[in-house]
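Undergrad:
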Amino acid sequence: MFKRKGLTLSLMIVLIVSLVAVGCGDGNGEGEVPGDASEESVVDKFDGQITGIDAGAGVMGAAEDAIEEYGLDMELVESSDAAMTASLQRAYENEEYIVVTGWAPHWKFADFDLKFLEDPKEVFGGEETINTITRKDFAADHPEVNQFLENYYLSPEELASAIGMMEEIDDRDEAAQTWIEENQDLVDGWLEGTELNGSGEVTITYVEWACATASTYVVKNILEDAGYDVEVDALQAGAMWQGVASGAADFLLAAWLPGTHESYYEDYSDEVVDLGPNYEGAAIGLVVPEYVEIDSIEDLVE
Numbered sequence: 271m272f273k274r275k276g277l278t279l280s281l282m283i284v285l286i287v288s289l290v291a292v293g294c295g296d297g298n299g300e301g302e303v304p305g306d307a308s309e310e311s312v313v314d315k316f317d318g319q320i321t322g323i324d325a326g327a328g329v330m331g332a333a334e335d336a337i338e339e340y341g342l343d344m345e346l347v348e349s350s351d352a353a354m355t356a357s358l359q360r361a362y363e364n365e366e367y368i369v370v371t372g373w374a375p376h377w378k379f380a381d382f383d384l385k386f387l388e389d390p391k392e393v394f395g396g397e398e399t400i401n402t403i404t405r406k407d408f409a410a411d412h413p414e415v416n417q418f419l420e421n422y423y424l425s426p427e428e429l430a431s432a433i434g435m436m437e438e439i440d441d442r443d444e445a446a447q448t449w450i451e452e453n454q455d456l457v458d459g460w461l462e463g464t465e466l467n468g469s470g471e472v473t474i475t476y477v478e479w480a481c482a483t484a485s486t487y488v489v490k491n492i493l494e495d496a497g498y499d500v501e502v503d504a505l506q507a508g509a510m511w512q513g514v515a516s517g518a519a520d521f522l523l524a525a526w527l528p529g530t531h532e533s534y535y536e537d538y539s540d541e542v543v544d545l546g547p548n549y550e551g552a553a554i555g556l557v558v559p560e561y562v563e564i565d566s567i568e569d570l571v572e
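Written out as structure tokens, the structure reads:
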């Protein structure tokens with residue numbers, strides 16, 4: 271009788287110890303049940319959402335196409351550039367998963383370690399360059415400025431920082447001057463051998479995109495510091511190209527080629543001069559923080 275009671279008590283102790291061991295496990299040991307249904311999927315880590323911007327933006331249309339093309343079970347959430355960036359910042363500070371519609375150049379690439387998700391189906395298109403375009407006789411009329419424009423080139427980090435300065439300081443000329451002061455060695459390299467003489471007037475046309483605005487105002491202030499009378503004219507993309515082609519404007523710094531402005535280039539290429547890229551690596555797509563452990567849009571498929 272006592273042996274039976276002792277055996278029963280021993281079995282109870284073993285059972286209790288086993289239950290405690292299972293209950294205190296970290297979920298990664300041998301006691302974990304294979305195929306645990308509580309395991310979080312990739313889509314769940316992103317809350318099933320892609321954080322977007324304004325509904326009419328080109329990157330939003332491409333994101334809708336990507337959802338369909340890749341068969342993503344995710345919702346594209348409309349917001350704004352500012353709201354998207356605020357959401358990105360909150361997630362980034364807490365190392366949370368987030369995927370946003372993005373484009374480069376953009377100041378957020380200077381502030382955060384981000385990456386574009388690979389797009390093997392090329393729904394968002396390939397990388398583009400941002401080129402400098404002048405009117406046909408500009409080199410003859412202003413050879414020293416033309417040489418400066420041929421030298422003018424920004425890396426992704428440099429342009430992102432200029433865009434960021436425009437975000438921080440409301441006055442565009444003040445922002446450009448501050449950026450120039452902080453990047454004087456770079457500016458001196460552009461000016462080397464140009465012999466800017468400050469003679470005459472120069473008109474720059476641009477589109478109200480953050481990258482175009484930053485680049486245009488940096489060049490405007492460099493030329494004004496050299497004594498030129500500089501006018502800047504913000505227009506729609508087609509009118510921007512037409513202005514340079516007709517001679518109403520001297521140059522633009524915002525030609526996205528070969529894709530975005532392809533039709534304008536075809537229309538006006540015989541009437542303008544392409545000085546080549548002032549920026550390389552322009553792109554749109556889906557963007558995540560570097561700490562996110564996926565690298566391709568295909569990885570968003572459950």
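At the far end of the sequence shown sits residue 572, using the working numbering, and the numbering has no gaps. The C-beta atom is built at its ideal place from N, Cα and C for all residues, glycine as well. Since this is a predicted model, take the numbers as computed values, not measurements.
#1: With DSSP as the reference, label tyrosine 476 as helix, strand or coil.
#2: For proline 375, count neighbouring Cβ atoms within 10 angstroms of its own Cβ and tell me buried if that reaches 16, exposed if not.
#3: I need the DSSP call for alanine 524, collapsed to helix, strand or coil.
#4: Between glycine 322 and tyrosine 362, what straight-line distance do the alpha-carbon atoms span, to the nearest angstrom?
#5: Does the Cβ-Cβ distance between valine 313 and threonine 371 come in under 7 Å?
#6: Taking the C-alpha atoms as reference points, what is the distance between glutamate 392 and alanine 333?
#7: What number of angstroms, rounded off, separates the C-alpha of glutamate 572 from the C-alpha of leucine 342?
#8: Mind checking who glutamate 572 pairs with in its DSSP beta bridge?
#9: The alpha helix (DSSP H) with glutamine 506 in it runs from where to where?
#10: By alpha-carbon positions, which one of Gly395, Tyr498, Trp449 ends up nearest to glycine 529?
#11: Is it true that the CB of glycine 513 sits closer than 7 Å to the CB of threonine 475?
#12: Sorted by chain position, which residues of the same chain lie with C-beta nearer than 6 Å to glutamate 471's C-beta, five sequence neighbours on each side aside?
#13: Would you list the residues sitting across from lysine 385 in a DSSP beta bridge?
#14: Suppose you measure from the CA of proline 390 to the CA of aspartate 411; what does that come to, to the nearest Å?
#15: Could you tell me whether the Cβ atoms of glutamate 388 and serine 566 are closer together than 7 Å?
#16: Considering only their Cβ atoms, is the gap separating aspartate 381 from glutamate 560 smaller than 7 Å?
#17: Just to confirm, are isoleucine 433 and alanine 480 a CB contact at a threshold of 7 Å?
#18: What are the boundary residues of the alpha helix (DSSP H) that includes asparagine 416?
#19: Could you tell me if alanine 519 is buried or exposed, where buried requires 16 or more neighbouring beta carbons within 10 angstroms of its beta carbon?
#20: Using the Cα positions of glycine 297 and glutamate 310, report the straight-line distance between them to the nearest angstrom.
#21: Secondary structure at glutamate 563, three-state DSSP: helix, strand or coil?
#22: Buried or exposed: lysine 490, going by 16 or more other Cβ atoms within 10 Å of its Cβ?
#23: Just mark glutamate 452 as buried or exposed, buried being the case when its beta carbon has 16 or more other beta carbons within 10 Å.
#24: Roughly how many whole angstroms lie between the Cα atoms of alanine 353 and glycine 463?
#25: Go to serine 373, then tell me how far its alpha helix (DSSP H) extends in each direction, as first and last residue.
#26: Which two residues bound the contiguous beta strand (DSSP E) that contains lysine 347?
#27: Short of 8 Å in beta carbon distance, which residues of its chain neighbour tyrosine 422, apart from the five on each side in sequence? Order them along the chain.
#28: For glutamate 563, count neighbouring C-beta atoms within 10 Å of its own C-beta (all shown protein chains included) and say buried if the count is 16 or more, exposed if not.
TA: Well, looking at it:
#1: In this structure, tyrosine 476 counts as strand in the three-state DSSP scheme.
#2: Counting C-beta atoms within 10 angstroms of its own C-beta, proline 375 has 16 or more neighbours from the protein chains shown and is therefore classed as buried.
#3: strand
#4: Rounded to whole angstroms, glycine 322 to tyrosine 362 spans 16 Å at the Cα level.
#5: no
#6: 11 Å
#7: 8 Å
#8: Looking at the DSSP assignment, glutamate 572 forms no beta bridge with any residue, so it has no partner.
#9: Here glutamine 506 belongs to no alpha helix (DSSP H), and DSSP marks it neither H nor E.
#10: Nearest in C-alpha terms to glycine 529, of all of Gly395, Tyr498, Trp449, is Gly395.
#11: Closer than 7 Å, so yes.
#12: Result list for glutamate 471: Asp499, in chain order.
#13: Val558
#14: 46 Å
#15: yes
#16: no
#17: A Cβ-Cβ contact shorter than 7 Å links isoleucine 433 with alanine 480.
#18: 413 to 421
#19: buried
#20: Since pLDDT at glycine 297 reaches only 39, below the 50 mark, its modelled position is unreliable, and no value is offered.
#21: coil
#22: With 16 or more Cβ atoms within 10 Å of its Cβ, lysine 490 is classed as buried.
#23: Exposed is the label assigned to glutamate 452, since fewer than 16 other Cβ atoms lie within 10 Å of its Cβ.
#24: 44 Å
#25: The question names serine, yet the displayed sequence has tryptophan at residue 373. No alpha helix (DSSP H) holds tryptophan 373; the beta strand (DSSP E) holding it covers 370 to 374.
#26: The sequence given here has valine at residue 347, not lysine. 345 to 347 is the span of the beta strand (DSSP E), which, as asked, contains valine 347.
#27: Thr402, Trp460, Val489, Leu523, Asn548
#28: Classification of glutamate 563: exposed, given that the 10 Å Cβ count is below 16.
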